[in-house]
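Peer 1:
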Amino acid sequence: MAKMKRDRHPMPLLDAAVRVNRFDEVALGYTLEMAIEEAQRCLKCKNPTCEIGCPVQSPVKDFVALLAEGKVAESVKRLREVNRLPAICGRVCPQEEQCESKCVMGVKFEPVAIGRLERFVADWERQHGFGELEPVASRGVKVAVVGAGPAGLTCAGDLAALGYQVTVFEALHAAGGVLMYGIPEFRLPKEIVETDVRRLEEMGVEFRYNVLVGRTVTIDDLMEKDGYSAVFIGTGAGLPKFMGIPGENYSGVYSANEFLTRINLLRAYKFPEYDTPLKVGKRVAVIGAGNTAMDSVRTALRVGAEQAMIVYRRTEHEMTARREEFEHAEEEGVQFNFLTNPVEILANEDGWVTGLKCVKMELGEPDESGRRKPVTVKGSEFVMPVDTVIMALGTTPNPILLRTTPGLQSNKWGCVVADPETGATTRPGVFAGGDAVTGAATVILAMGAGQKAARAIHEYLEKQAAVHA
Amino acid sequence: MYRILKMRQLTPVTRLYVVDAPLVARSAQPGQFIILRVGATGERIPITITDFDREAGTVTIVVQEVGKTTKWLAQLGEGDYIHDFAGPLGSPVELPAQGRVALVGGGFGTGAILTIAKALHGRPGITVDAIVGARNQDLLILADEVSANVDRFLACTDDGSYGYKGFVTGVLQEKIKAEEGYDLVIAVGPMPMMRAVAEVTRPYAIYTLASMDPIMLDGTGMCGACRVRVGGENRFACVDGPCFDAHKVDFEEVTRRTKMYKAEEKAALEHFEHQHEHEHECQCKKTAAVR
Ligand SMILES: Cc1cc2nc3c(=O)[nH]c(=O)nc-3n(C[C@H](O)[C@H](O)[C@H](O)COP(=O)(O)OP(=O)(O)OC[C@H]3O[C@@H](n4cnc5c(N)ncnc54)[C@H](O)[C@@H]3O)c2cc1C
Ligand SMILES: Cc1cc2nc3c(=O)[nH]c(=O)nc-3n(C[C@H](O)[C@H](O)[C@H](O)COP(=O)(O)OP(=O)(O)OC[C@H]3O[C@@H](n4cnc5c(N)ncnc54)[C@H](O)[C@@H]3O)c2cc1C
Ligand code: SF4
Ligand code: SF4
Ligand code: FES
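Chains as they are written, first to last, in my numbering: chain A, 785 to 1253; chain B, 21 to 311.
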């Protein structure tokens, strides 16, 4: 074997000056040569700890080994047996906290770039055509999946592969959940999500859009009137938070969800070819410092803001956004105002935002979470002149489903109570997973929950069948 | 895709559509609305449910042409398809078991009060007045349908061409003064009308609901665009509303917020009308409209 390369192959990126003006994907992906070279760094561990670090237990060792031999088609086939959305995971998984954090190579050198390799093989497959699907014998048993986010899509795919007749009910007019309405095109092209959804359709999964479960149909309707033997709830955590400061309802104040949905789901950046309007000023402040805040602020630059900034009451070290996103944002010219807390939004007489009144903060004693709590610096009030404010403060589960489903228990954060191993809820036959259960988390955790629930639903239905036989 | 089974022109700018949407019809309740997209590049717009037939699986809506999307919809007729039709959305309006109720409607709001009138009609211990207004007789919509479902049908026109001459608030005021008043007033119509109704009933402390129409996007509680301040608190009209206590609504704020996209709405309409001219020339209007 050639001499071991210590460092992973860097990801080719679109130049920052070029990319801020468009929605083209920022990370360009490996070439075949780069991918094979990177795959060859893998030690093929007897005990591949990387796989333990993956919430869906993607067969990392196998797919990387096949890729290292240049067998790309076999590699992606093996990966897809377990992971239904590899092109997506390869792009948005926080690999540094999951698989890659457990990679043995990482002890001394840089870990194998598992996510990038996953992305490579999945993209290769999309370009070279998908393999034939192996036919599955239908069991003639109907299962309903509520919500077409990563949790629901994974659960639906796994159940369809087991021969269940799966219908996904989605409130919006497109599938993907946050993948479609939240994460921007320049990080995750929508075509990829659409392709994976089509793949599920080919497997026999039926998609019913414009169905808000809890309003259009209830879970009781699905189980009692419509003949679904089990239900999986993957409704996410879509309810946006606001700060409760004065001026929040002025024109020019958006929740990150509204701002991103207008752009991603409804393509407002192509207005008036697409009908949905969007108004972005010259100076945009985004409040918060998670992935959603980074996506909002970088999107603002791409839709014409001259200056876009993050306003965050803690410091760089407490930000929850992925490091990579923070760095990309910096490269693109996003300004960061740390230890800055908004207290009021100001407007002109027509009600349009003109400024954000803030106070400076300093770090005090650590709180329960161990993070040092920011406290206000006396007399530090100042006004930031901005004309658009975007609130990216996090989200909680939408209450509609819980309100309309008797017997479904929730906790004090409004999350559905479900067994972490099986997704079983307090109602027999009803399972749940993803952000709806955990609160806002990650794509791969949602997928892991969908996968576990599919197994548990299968077991449950087998048992039911045995009882009734 | 949702098929338009029937289309009826009510006024030069208002049309009624009966749409094939069995799941929506099955669960629809008075006070709820749907969100539609005419085509794949379209905007999501909210429209109140005017009527529904659970057996036939149909939902009736009444749409007034005001801008790009509603004009695009106006090009569709029987047999055409609406791309998306999601609902029922919003909380059903809570209706009383007894008492005197006034339903006040203006513009497309007259259509919206029909479901409420139907639900209340024939309940023992309830009397319902419909007070509906329009600029003139020709613009008064669904008079027969509404009057068949209420105890008294009180129409008013600005020019006196039909019924009372004057605004709905005048009639409402008169009825409150002359009789024992009402236990509940529900107003659906243009924002200034609902606001005026709230001011009429406020001194009498008559419980009054107004159906808010802020700008909406998803209609599922996901974006917060539809937030309305009610009693000092932010409420999402698409989930908690659209009907709220009219005495507690901050009308000024919600009115201002609906004007947020004035310039873009104008641009969209111009773009559309320009395109439309071209389509006339090349005879592909139908396909473009259905797509
Ligand atoms: C802007 C943004 C950026 C992010 N970036 C990353 C990232 O880089 N990496 C990462 O790992 N995670 C990221 N996340 C988090 C990640 O997207 C979520 O954790 C994940 O999508 C949760 O998946 P889910 O399937 O549980 O729910 P969602 O993706 O929220 O999907 C839920 C779906 O259910 C539908 N629904 C809701 N209620 C109903 C109902 N009653 N009836 C029918 N349908 C319903 C919704 O319309 C939606 O389509 C990001 C989140 C946001 C908002
Ligand atoms: C709960 C609710 C129920 C409604 N019921 C009816 C009804 O039964 N019949 C009817 O004709 N109209 C109804 N409307 C109003 C209807 O949604 C608007 O007329 C429509 O969105 C206008 O779209 P447009 O593109 O034709 O016009 P535009 O030129 O885009 O807008 C004209 C005006 O319509 C309003 N508007 C625009 N976009 C939206 C949006 N996305 N959401 C809400 N309002 C918007 C604004 O006030 C705007 O100034 C209702 C609105 C709400 C919120
Ligand atoms: S799915 Fe995500 S966590 Fe799992 S191996 Fe792939 S990149 Fe790592
Ligand atoms: S832990 Fe790292 S080196 Fe070992 S098999 Fe997994 S990817 Fe390869
Ligand atoms: S329309 Fe988005 S939350 Fe109401």
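Using N, Cα and C, we set each Cβ at its ideal position, and we do this for glycine too.
Just so you know, these numbers come straight off a predicted model, no measurement behind them.
Determine, using beta carbons only, whether B/Y281 comes closer than 8 Å to chain A.
Peer 2: Stepping through the second sequence from its first residue, residue 281 of chain B is reached at position 261. Interface residue, yes.
Peer 1: I'd like to confirm something about A/V848: is its beta-carbon nearer than 7 Å to some heavy atom of ligand 4, or not?
Peer 2: Here residue 848 of chain A corresponds to residue number 64 of the first sequence, with the count starting at 1. Correct: A/V848 has its Cβ closer than 7 Å to ligand 4.
Peer 1: Interface residues of chain B around A/T1000 at Cβ under 9 Å?
Peer 2: Residue 1000 of chain A sits at position 216 when you count from the first residue of the first sequence. Residues of chain B passing the Cβ test: L43, V44, R46, S47, A106, G107, P108 and L109.
Peer 1: Using the rule of at least 16 other Cβ atoms within 10 Å of the residue's Cβ for burial, across every protein chain shown, is A/Q879 buried or exposed?
Peer 2: Residue numbering aside, residue 879 of chain A sits at position 95 when the first sequence is read from its first letter. Buried, by the Cβ-count rule.
Peer 1: In the DSSP output, what is A/C1142 paired with across the bridge?
Peer 2: For this step, residue 1142 of chain A is matched to residue 358 along the first sequence. According to DSSP, which records beta bridges pairwise, A/C1142 is partnered with A/P1126 and A/F1166.
Peer 1: I'd like to know whether the C-beta of A/M785 is nearer than 8 Å to at least one C-beta of chain B.
Peer 2: Here residue 785 of chain A is taken as the residue at index 1 of the first sequence, counted from 1. Low confidence applies to A/M785: its pLDDT is 43, below 50, so where it sits in the model is not reliable enough to give any reading.
Peer 1: With 8 Å set as the bound, which would you pick, yes or no: does the beta-carbon of B/E284 sit closer than that to a beta-carbon of chain A?
Peer 2: Stepping through the second sequence from its first residue, residue 284 of chain B is reached at position 264. At least one C-beta of chain A is nearer than 8 Å to the C-beta of B/E284.
Peer 1: With three or more beta-carbon pairs closer than 8 Å as the criterion, would you say the stretch 110-130 of chain B touches the stretch 46-64 of chain B?
Peer 2: yes
Peer 1: Are the C-beta atoms of B/V170 and some chain A residue less than 8 Å apart?
Peer 2: Counted from its first residue, the second sequence places residue 170 of chain B at position 150. No, B/V170 lies away from the interface with chain A (no Cβ there is under 8 Å from its Cβ).
Peer 1: Got a sec: which bits of the stretch 1123-1144 of chain A sit with their beta carbon under 7 Å from any beta carbon on chain B, in order along the chain?
Peer 2: Residues G1135.
Peer 1: Quick one: Cα of B/N254 to Cα of A/V896, how far?
Peer 2: Within the second sequence, residue 254 of chain B is the residue found at index 234, counting from 1. Within the first sequence, residue 896 of chain A is the residue found at index 112, counting from 1. For B/N254 and A/V896, the gap between their C-alpha atoms comes out near 48 Å.
Peer 1: Name, please, each residue of chain B whose Cβ falls closer than 8 Å to the Cβ of A/F970.
Peer 2: Here the question's residue 970 of chain A lines up with position 186 in the first sequence. Near A/F970 there are no residues of chain B at all, since even the closest Cβ is about 21 Å away, more than 8 Å.
Peer 1: If we define contact as Cβ-Cβ less than 8 Å, is B/L237 a contact residue for chain A?
Peer 2: Along the second sequence, read from residue 1 onward, the residue named residue 237 of chain B stands at position 217. It does; some Cβ of chain A falls within 8 Å.
Peer 1: Find the nearest neighbour of B/Q193 within the set B/V148, B/T221 and B/V208, judged by alpha-carbon distance.
Peer 2: Residue mapping note: residue 193 of chain B aligns to position 173 of the second sequence, counting from 1. Minimum Cα distance to B/Q193 is reached at B/T221.
Peer 1: Which residue wins for smallest C-alpha separation from A/E1108, given the options A/R1082, A/G1163 and A/F1122?
Peer 2: The count along the first sequence starts at 1 and reaches residue 1108 of chain A at position 324. In terms of CA proximity to A/E1108, A/R1082 leads the group A/R1082, A/G1163 and A/F1122.
Peer 1: Identify each residue in the stretch 949-968 of chain A for which the Cβ-Cβ distance to at least one residue of chain B is less than 7 Å, and report them in chain order.
Peer 2: A955, L956 and H957
Peer 1: Could you tell me the distance, in whole angstroms, from the CA atom of A/R1239 to the CA atom of A/V804?
Peer 2: On the first sequence, residue 1239 of chain A is found 455 positions in, with the first residue counted as 1. On the first sequence, residue 804 of chain A is found 20 positions in, with the first residue counted as 1. Cα-Cα distance, rounded: 43 Å.
Peer 1: Our contact map puts B/V38 next to B/H103 with C-beta atoms below 8 Å; I'd like the distance itself, whole angstroms only.
Peer 2: Locating residue 38 of chain B in the second sequence gives position 18, counting from the first residue. Locating residue 103 of chain B in the second sequence gives position 83, counting from the first residue. The pair is not a contact, with the Cβ atoms about 17 Å apart (cut-off 8 Å).
Peer 1: Under 7 Å: does the beta carbon of B/P50 sit that close to some heavy atom of ligand 7?
Peer 2: Looking at this structure, you won't find ligand 7 anywhere; what it does contain is ligand 1, ligand 2, ligand 3, ligand 4 and ligand 5.
Peer 1: Could you tell me which whole alpha helix (DSSP H) segments of length 4 or greater appear in the stretch 1071-1132 of chain A?
Peer 2: 1075-1086 and 1107-1115
Peer 1: With a threshold of 8 Å between beta carbons, is A/Y1058 in contact with chain B?
Peer 2: Residue mapping note: residue 1058 of chain A aligns to position 274 of the first sequence, counting from 1. Yes - at least one Cβ of chain B is within 8 Å of the one on A/Y1058.
Peer 1: Smallest Cα separation from A/C1199: which of A/K974, A/E1205, A/V925 and A/N1182?
Peer 2: Taking the first sequence and counting its residues from 1, one reaches residue 1199 of chain A at position 415. The candidate whose alpha carbon is nearest that of A/C1199 is A/N1182.
Peer 1: With 16 as the cutoff for other CB atoms within 10 Å, does A/N831 come out buried or exposed?
Peer 2: Here residue 831 of chain A corresponds to residue number 47 of the first sequence, with the count starting at 1. So A/N831 ends up on the exposed side.
Peer 1: Using a Cβ-Cβ cut-off of less than 7 Å, give me the residues of the stretch 1020-1031 of chain A that come near chain B, in sequence order.
Peer 2: G1022, L1023, P1024 and F1026
Peer 1: Take B/E165 and list the residues in its own chain whose beta-carbon comes closer than 7 Å to its own, dropping the five residues that flank it on each side.
Peer 2: Within the second sequence, numbered from 1, the residue matching residue 165 of chain B stands at position 145. Counting only Cβ-Cβ distances below 7 Å, and skipping sequence neighbours, we find L134.
Peer 1: Helix, strand or coil, according to DSSP, for A/A1202 in the structure here?
Peer 2: Here residue 1202 of chain A refers to the residue found at position 418 when the first sequence is read from its first residue. Residue state, collapsed to three classes: coil.
Peer 1: I'd like to know whether the C-beta of A/I1184 is nearer than 8 Å to at least one C-beta of chain B.
Peer 2: Counting from 1 along the first sequence, the entry for residue 1184 of chain A is found at position 400. Chain B, which has a Cβ nearer than 8 Å to the Cβ of A/I1184, makes this yes.
Peer 1: Could you say which of A/E1111, A/G1191 and A/L1192 lies nearest to A/A811 if we only look at CA atoms?
Peer 2: The residue labelled residue 811 of chain A in the question sits at position 27 within the first sequence. It is A/E1111.
Peer 1: If distances are taken between C-alpha atoms only, which option among A/M1231, A/A819, A/V844 and A/Y1053 comes closest to A/C887?
Peer 2: Start at 1 with the first residue of the first sequence, and residue 887 of chain A comes out as number 103. When each option's Cα is compared against that of A/C887, the closest is A/V844.
Peer 1: Taking the DSSP output, what are the residues bridged to B/N254?
Peer 2: One-based indexing of the second sequence puts residue 254 of chain B at position 234. B/N254 is bridged to B/R249.
Peer 1: Whole-angstrom Cβ separation of A/R1067 and A/V1170, contact assumed at under 8 Å?
Peer 2: Here residue 1067 of chain A is taken as the residue at index 283 of the first sequence, counted from 1. Here residue 1170 of chain A is taken as the residue at index 386 of the first sequence, counted from 1. Correct: roughly 4 Å between the Cβ atoms.
Peer 1: For a test of your reading of the model: does the CB of B/D238 fall under 7 Å from any non-hydrogen atom of ligand 5? Yes or no.
Peer 2: Here residue 238 of chain B refers to the residue found at position 218 of the second sequence. Yes, since a heavy atom of ligand 5 falls inside the 7 Å radius drawn around the Cβ of B/D238.
Peer 1: Taking CB distances under 8 Å as the criterion, tell me whether B/M242 reaches chain A.
Peer 2: The count along the second sequence starts at 1 and reaches residue 242 of chain B at position 222. Cβ-Cβ to chain A under 8 Å: yes for B/M242.
Peer 1: What is the DSSP secondary structure of B/C263, counted as helix, strand or coil?
Peer 2: Walking along the second sequence from the start, residue 263 of chain B turns up at place 243. Three-state result, B/C263: strand.
Peer 1: Could you compute how far the alpha carbon of A/G899 sits from the alpha carbon of B/T34?
Peer 2: As a first step, residue 899 of chain A is located in the first sequence; it is residue number 115 there, counting from the start. As a first step, residue 34 of chain B is located in the second sequence; it is residue number 14 there, counting from the start. Take the alpha-carbon of A/G899 and the one of B/T34: they are about 55 Å apart.
Peer 1: Should A/P973 be counted as a contact of ligand 4 given a C-beta to heavy atom distance under 7 Å?
Peer 2: Here residue 973 of chain A is taken as the residue at index 189 of the first sequence, counted from 1. No, Cβ of A/P973 sits at least 7 Å from all heavy atoms of ligand 4.
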